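Numbering follows our numbering, with no gaps: position 57 of the sequence shown is 1086. Quick reminder that beta carbons are idealized off the backbone N, C-alpha and C, glycines included. Note that this is a predicted model, so its numbers are computed, not measured.
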Amino acid sequence: MHELSIAHSIVEVAEKAAIDAGATQVKAVHLRLGVLSGVVKSSLLFGWEIATQDTLLAGASLEIEELPVIVFCSTCQQAVT
């Protein structure tokens, strides 16, 4: 389950940013996730609970915005979802 590794990486980045900003707690992290990313949303959310334990992000929610595939046609100059 590589989603747990991804969750740990997100926590590391967010916690460093929070510490650099002088924060003592993080309430939410917002993530944009493309549907072709190969990441299973439910597995990432499960991993999130584990990865945030004993960090500044403990209890924080992971808000995931799923982004659709957008195909751009250079001939007709149109983007299609």
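Rounded separation between residue i and residue j - CA only
i, j, result
"Leu1085", "Trp1077", "13 Å"
"Ala1089", "Leu1065", "26 Å"
"Glu1044", "Gln1106", "41 Å"
"Val1098", "Ser1072", "21 Å"
Presumed contact (8 Å Cβ cut-off) between residue i and residue j, rounded CB distance
i, j, result
"Leu1062", "Leu1091", "About 10 Å; that fails the 8 Å criterion."
"Ala1080", "Val1042", "The Cβ separation is near 11 Å, so there is no contact."
Segment limits, alpha helix (DSSP H) that includes residue i
i, result
"Leu1033", "His1031 to Asp1049"
"Leu1073", "Lys1070 to Ala1080"
Among the options, the one whose alpha carbon lies nearest that of residue i
i, options, result
"Val1068", "Val1109, Thr1110, Leu1033 and Ala1108", "Leu1033"
"Ile1035", "Gln1054, Ala1057 and Phe1075", "Phe1075"
"Ile1093", "Lys1070, Lys1056, Ala1050 and Thr1053", "Lys1070"
"Lys1056", "Ala1087, Val1098, Asp1049 and Pro1097", "Ala1087"
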